[in-house]
Amino acid sequence: MARLAAGVVLVTAYDPDDGPNGEDVGMTATAFMSVSLDPPLVMVSVRDGSRMDELLERQPLWAASLLTDGQRQTAGRFAMKGRLSDRLLFQEVPHTRGEHSGAALVDDALAVLECRTEQRVRAGDHTLVIARVLGAALPHAPDAEPLTYYRGRYRSLS
326 MARLAAGVVL
336 VTAYDPDDGP
346 NGEDVGMTAT
356 AFMSVSLDPP
366 LVMVSVRDGS
376 RMDELLERQP
386 LWAASLLTDG
396 QRQTAGRFAM
406 KGRLSDRLLF
416 QEVPHTRGEH
426 SGAALVDDAL
436 AVLECRTEQR
446 VRAGDHTLVI
456 ARVLGAALPH
466 APDAEPLTYY
476 RGRYRSLS
């Protein structure tokens, strides 16, 4: 599957139950796709037992920021095991809070989607989270290049 090129997405959700002020949680994903246009549905695959899996099991609202080639560092930081706390990572990533989801939306992403989970499907050691798109925006210039993942590395199309 390393030979299948994929777009890189930062999936985010707000955890209101984490401490007095809540906390943003983020995860880099390459297993993200459009499922349906009518109604608008998307899907992300999350590893069982991960913090994001646990959060999305109890929090139906989340977001996806489709990253640009210039956002490799953001993708890498949210993909690392044993990384800094999400609170510290989000301090370094310019973002706004989504109107529909309350989740962090990465500034200057190719596109941002706010979602509400409709179905969770167990699949091996992952859970497929299927969600309705509540809102979408194009915050970046239309000529920006997408960040892709191919053969174990981040790549650009050009």
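Oh and the sequence shown: position 68 is 393 in our numbering, straight run, nothing missing. Ideal placement from N, C-alpha and C gives every residue a C-beta, glycine not left out.
Could you name the residues of the same chain whose beta carbon sits closer than 8 Å to that of ASP450, not counting the 5 residues immediately before and after it, in chain order? Counted from its first residue, the sequence shown places residue 450 at position 125. Once the five neighbours on either side are set aside, the close Cβ partners of ASP450 are ARG372 and ASP373.
For GLY347, count the other beta carbons within 10 Å of its own beta carbon; 16 or more makes it buried, fewer makes it exposed. Which is it? Mapped onto the sequence shown, residue 347 falls at position 22. Taking a 10 Å sphere around the C-beta of GLY347, we find fewer than 16 other C-beta atoms and assign the residue as exposed.
Going along the chain, which residues of its own chain have a beta-carbon closer than 7 Å to the beta-carbon of SER359, five neighbours each way excluded? Within the sequence shown, the letter at position 34 stands for residue 359. Excluding residues within five positions, the ones whose Cβ falls inside 7 Å are VAL367.
Have a look at ARG328, ASP340 and THR355 and flag the residue whose alpha-carbon is nearest the alpha-carbon of PRO471. For this step, residue 471 is matched to residue 146 along the sequence shown. Among ARG328, ASP340 and THR355, the Cα nearest to that of PRO471 is on THR355.
Using a 10 Å radius around the Cβ and a threshold of 16 neighbouring Cβ atoms, would you call MET352 buried or exposed? Here residue 352 corresponds to residue number 27 of the sequence shown, with the count starting at 1. With 16 or more other Cβ atoms within 10 Å, it is buried.
According to DSSP, simplified to helix, strand and coil, what is ARG478? As a position in the sequence shown, residue 478 is number 153, starting the count at 1. If DSSP states are grouped into helix, strand and coil, ARG478 belongs with the strands.
Output the residue ranges of the beta strand (DSSP E) runs that lie fully inside the region 366-419 and measure 3 residues or longer, sorted by chain position. 386-391
Terminal residues of the continuous beta strand (DSSP E) containing ASP340? The sequence position of residue 340 within the sequence shown is 15, counting from 1. Going by DSSP, ASP340 is part of the beta strand (DSSP E) stretching over 334-340.
So who's on the other strand from ALA462, going by DSSP bridges? Position 137 of the sequence shown, counted from the first residue, corresponds to residue 462. Its beta-bridge partners are VAL437.
Tell me the DSSP bridge mates of ARG422? Within the sequence shown, numbered from 1, the residue matching residue 422 stands at position 97. Answer is ALA429.
Taking a contact to mean a Cβ-Cβ separation below 8 Å, would you say MET400 touches LEU335 in this structure? One-based indexing of the sequence shown puts residue 400 at position 75. One-based indexing of the sequence shown puts residue 335 at position 10. It is Ala, not Met, that sits at residue 400 in the sequence shown. Result yes, Cβ atoms of ALA400 and LEU335 sit closer than 8 Å.
Could you spell out the range, first to last residue, of the beta strand (DSSP E) harbouring THR355? Along the sequence shown, one-based indexing puts residue 355 at 30. Segment: none, THR355 is in no beta strand (DSSP E) and carries neither H nor E.
Strictly by DSSP, which residues pair up with ALA448? As a position in the sequence shown, residue 448 is number 123, starting the count at 1. DSSP output for ALA448 lists HIS451 as bridge partner(s).
Residues in the same chain with beta-carbon distance under 8 Å from THR421, minus the five sequence neighbours each way, listed in chain order, please. Sequence index remark: in the sequence shown, residue 421 carries index 96 (1-based). Around THR421: ALA429, LEU430 and ASP432.
With a Cβ-Cβ cutoff of 8 Å, do VAL437 and PRO464 count as a contact? Looking up residue 437 in the sequence shown gives position 112. Looking up residue 464 in the sequence shown gives position 139. In contact: VAL437 and PRO464 (Cβ atoms closer than 8 Å).
Residues bridged to ARG457 [DSSP beta-bridge criterion]: Translated into the one-based positions of the sequence shown, residue 457 becomes position 132. BP columns for ARG457 point to LEU366 and ARG441.
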